[in-house]
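In this note's numbering, the protein residues as written are 14 to 791.
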């Protein structure tokens, strides 16, 4: 029986819970391994006048101190633009930037040495907020535009026009395993890098750049990660590079494992965004025109901000057809950490803006928000089913997931019950909301939509499976094992999953953009099919058949499709193939077809397909404390024909909870000096089991097989994250029940303090005044 589609447990589940799973820093340390520890800047922006490393060298156990002078190659780890010095030379660009790394015989020695390094600075004016950067004209890029229709004309004839803005916070990745890298040099000038990285090929390339050597002299291996969420896509590179410089200077193995507070201080977050919009609509709530500006906070360097911003611009429509749109995007430059990839990669920020717009329209017209959402969905054919960048929704499932979610959640009945509760309770109010998700699947940059695999069959019939994707707990390796079992017709016990390594599969793309299973699954399948094509004639010969194309590989046996009673074991076929000198090793390759993008006109088909979902959330808000309780969640999500429903369910649940954290409690706070004040679990709150409702139902959309994907499946890593917008909208609905306001301003995240402010605002507001201030009737 094929393992594809089965609810198989994570391939490392036992290792995770028993502690036997080996992560980068769990390996047996080689003799003479050193540790490095960072020296952090106390300023957000300042000139470096001097760095005195001599006192550190007096500390017992300190071997050396690394500065820019020790870099043998290029002192830069930027991935799109080389604007990211590994060691700052003239100035520091954010609070907590590492100006030097101390190398010690032990981590404790390196830590004590770092405390002795001193530096002199001349403080400079720092840009610390998005609006501050706009005022200072501080940007990383030129404005980006996506246009559709005639916005000004449509706005001038719209019955109603409303303006507003939404500023949303970033989010720390808060993976369980902090950034970790080992670099082991050999006597011939080669380097073995073990890194907790989502992008081994990029880490390999950056280490080679910093060392000034060819890429083939560096092998980067990722055993597994204790979480990534995008935070280890590009930002693993500086850690590995710093360790590599130390290994080059000392000739000894070097490790770096960041302490939690260092990880939170040194690494970039989800981009904070500012959305400013003007929307025109009719009396029925149909949106006729939208003019929206999106400002992404890039931080001190560019990192991956351009594609993050573009994905936000591509997803600012979410599930809604808007005939006239102008989307403008800019990346602001601030003196804070360089923000980076995070689950959803800009999509959540863009989608949150349009959900704010839709709610604003609904409350202005005193219409139910779910009705206004429904009336604006992409639908039918032609323009009404085509995005603002020109991609047709070939398989539009918005209405399916929406209607099914409402039905499964008994939405209408519960809405009536919530209204009754609110009428009877003065100091507690409940809110119910349903929100949709339409999320495009593929890398923004076309060239990254490719993958490779390497499969070895040994003479005893056992198999080694290599592919270019990395495992960070999301179950990718589990799915790849399942793909291989189906493609080769063997049982799972035959397959050993190998660590991801650049000497096995080169030039890989990051495990990101929800594409891990899509890309690598097809590459694995391709390699297996090549091997089957070699083995089929051997099996046919053993069975005395002459039609190799009729051979079926299934359950460790091979037989003829039209004569299934005659069978030969997989082992026998493999042994005979070896005896016949037929290769039992194959590389597989895949590139996503039919995708294209014109960056000049901002049009094309950037996504191979879309994943859809809907979530219904019900909350209860306390009017005295601003706290909320999530009472119930009902989700219908489109995963196509699931490769593993158990893994997919876990991804949906985890993504939803992480999204809820971003929107309700994970508050990043910087002070007026640009210092991050929430750099530890004691000050940065993430969701816990206490925030999860007892009723948390996830239903996978049935009859959802997707053409052209690996066995009909769909990506599931990122799309569920945005389902959590339903929690925010439910809180907004509860806040609205405390008063009678035409506008409900709710901060993101909606912390208890922010919720209390919103409650006070609706209690004191008068709808007529708000309507006059916020809209124009034509």
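Glycine residues also receive a C-beta, built at the ideal position from the N, C-alpha and C atoms.
Coil, strand or helix - residue i by DSSP
i: residue 778; result: coil
i: residue 631; result: strand
i: residue 299; result: coil
i: residue 750; result: coil
i: residue 221; result: helix
i: residue 34; result: coil
i: residue 617; result: strand
i: residue 457; result: coil
i: residue 494; result: helix
i: residue 282; result: coil
i: residue 144; result: helix
i: residue 449; result: strand
i: residue 624; result: strand
i: residue 566; result: strand
i: residue 768; result: helix
i: residue 20; result: coil
i: residue 117; result: strand
i: residue 783; result: Annotation note: pLDDT 46 at residue 783 (below 50); position unreliable, no value reported.
i: residue 707; result: coil
Supposed contact pair residue j and residue i - C-beta distance, whole angstroms, cut 8 Å
i: residue 742; j: residue 198; result: About 54 Å separates the two Cβ atoms, so there is no contact after all.
i: residue 756; j: residue 748; result: About 11 Å separates the two Cβ atoms, so there is no contact after all.
i: residue 76; j: residue 69; result: With 8 Å as the limit, residue 76 and residue 69 do not qualify as a contact, their Cβ atoms being about 10 Å apart.
i: residue 496; j: residue 17; result: 7 Å
i: residue 556; j: residue 573; result: 6 Å
i: residue 164; j: residue 326; result: With a Cβ gap of about 15 Å, residue 164 and residue 326 do not count as contacting.
i: residue 352; j: residue 284; result: 4 Å
i: residue 234; j: residue 213; result: 7 Å
i: residue 119; j: residue 74; result: 6 Å
i: residue 447; j: residue 739; result: 6 Å
Residue i: first and last residue of the uninterrupted alpha helix (DSSP H) it sits in
i: residue 253; result: 250-263
i: residue 478; result: Element bounds for residue 478: not the alpha helix (DSSP H) but the beta strand (DSSP E), 476-480.
i: residue 540; result: 529-555
i: residue 188; result: Here residue 188 belongs to no alpha helix (DSSP H), and DSSP marks it neither H nor E.
i: residue 377; result: 360-377
i: residue 672; result: 658-677
i: residue 411; result: 411-421
Where the beta strand (DSSP E) through residue i begins and ends
i: residue 734; result: Segment: none, residue 734 is in no beta strand (DSSP E) and carries neither H nor E.
Separation of residue j from residue i, as counted between CA atoms
i: residue 419; j: residue 58; result: 51 Å
i: residue 751; j: residue 430; result: 16 Å
i: residue 674; j: residue 700; result: 6 Å
i: residue 125; j: residue 466; result: 45 Å
i: residue 609; j: residue 652; result: 23 Å
i: residue 682; j: residue 191; result: 20 Å
i: residue 291; j: residue 483; result: 42 Å
i: residue 84; j: residue 103; result: 15 Å
i: residue 417; j: residue 710; result: 13 Å
i: residue 455; j: residue 438; result: 47 Å
i: residue 159; j: residue 289; result: 15 Å
i: residue 189; j: residue 244; result: 12 Å
i: residue 151; j: residue 344; result: 9 Å
i: residue 81; j: residue 401; result: 46 Å
i: residue 659; j: residue 293; result: 44 Å
i: residue 249; j: residue 426; result: 49 Å
i: residue 225; j: residue 535; result: 35 Å
i: residue 412; j: residue 760; result: 29 Å
i: residue 88; j: residue 308; result: 29 Å
heavy atom of the ligand SAM below 7 Å from residue i C-beta
i: residue 56; result: The ligand SAM is not among the ligands present in this structure, which contains no ligands whatsoever.
Residue i vs residue j beta-carbon contact at 8 Å
i: residue 311; j: residue 153; result: yes
i: residue 259; j: residue 206; result: no
i: residue 457; j: residue 580; result: no
i: residue 464; j: residue 246; result: no
i: residue 745; j: residue 444; result: yes
i: residue 533; j: residue 469; result: no
i: residue 731; j: residue 423; result: no
i: residue 404; j: residue 620; result: yes
i: residue 267; j: residue 35; result: no
i: residue 617; j: residue 769; result: no
i: residue 180; j: residue 219; result: no
i: residue 99; j: residue 251; result: yes
i: residue 321; j: residue 354; result: yes
i: residue 648; j: residue 669; result: yes
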